[in-house]
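The structure under discussion appears below in the form of structure tokens.
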Amino acid sequence: EVLTSRSRSADWHAIVWKYPVLTLMIVGCTQGAEYLRSTVEIKWRHSATQRIHDLYFSQMGYYRLQSHGKELEVVDPDARICEDVQTLVTTQAQWMFSLVGATVYAILYTRIRA
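Letter 8 of the sequence shown, counting from 1, is numbered 279 in this note's numbering, and no numbers are missing.
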């Protein structure tokens, strides 16, 4: 009975230290993933905005767009490019990181269950 009591005490001490450490690790991983997602999103946004902006000003695309009349008129093309790219990149980054996160969680949970 003394061994059982000591074993339970040891188990309890292990649990007391194990879960806060695991919680801190999970929080660190979650914040790291959020930071990585934000960094990737900013780099993608910069790259996509630069490319679309270059395409818009190459071969006088801006002139042809404005000379077609009211039906194709874009009020503020630079702002429109930035807004559309931001929406696209944010959606893509969230989708990609949720897919990667789901894959990582599936692998982790299958390893824990095994």
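Backbone N, C-alpha and C define an ideal beta-carbon position, used for all residues, glycine too.
Query: Buried versus exposed, by CB contacts within 10 Å (16 or more), D282; Result: exposed
Query: Supposed close pair F368, A319 - CB separation, criterion 8 Å; Result: In fact, because the Cβ distance is near 17 Å, the residues do not count as touching under 8 Å.
Query: Coil, strand or helix - V298 by DSSP; Result: helix
Query: Local conformation of D347 per DSSP, three classes; Result: coil
Query: Supposed contact pair I286 and H324 - C-beta distance, whole angstroms, cut 8 Å; Result: Going by Cβ atoms, the distance from H324 to I286 rounds to 56 Å, so no, they are not a contact pair.
Query: Integer-rounded CB distance, given that V360 should sit under 8 Å from R257; Result: Shown here, the chain extends from 272 to 385; a query on residue 257 therefore has no answer.
Query: Rounded C-alpha distance that separates T358 from A364; Result: 10 Å
Query: 8 Å Cβ cutoff, A350 in contact with chain B; Result: No chain B appears in the structure shown, which is made up of a single protein chain.
Query: Residue nearest to A350 in terms of C-alpha spacing, selected from Y327, Q302, K314, L370; Result: Y327
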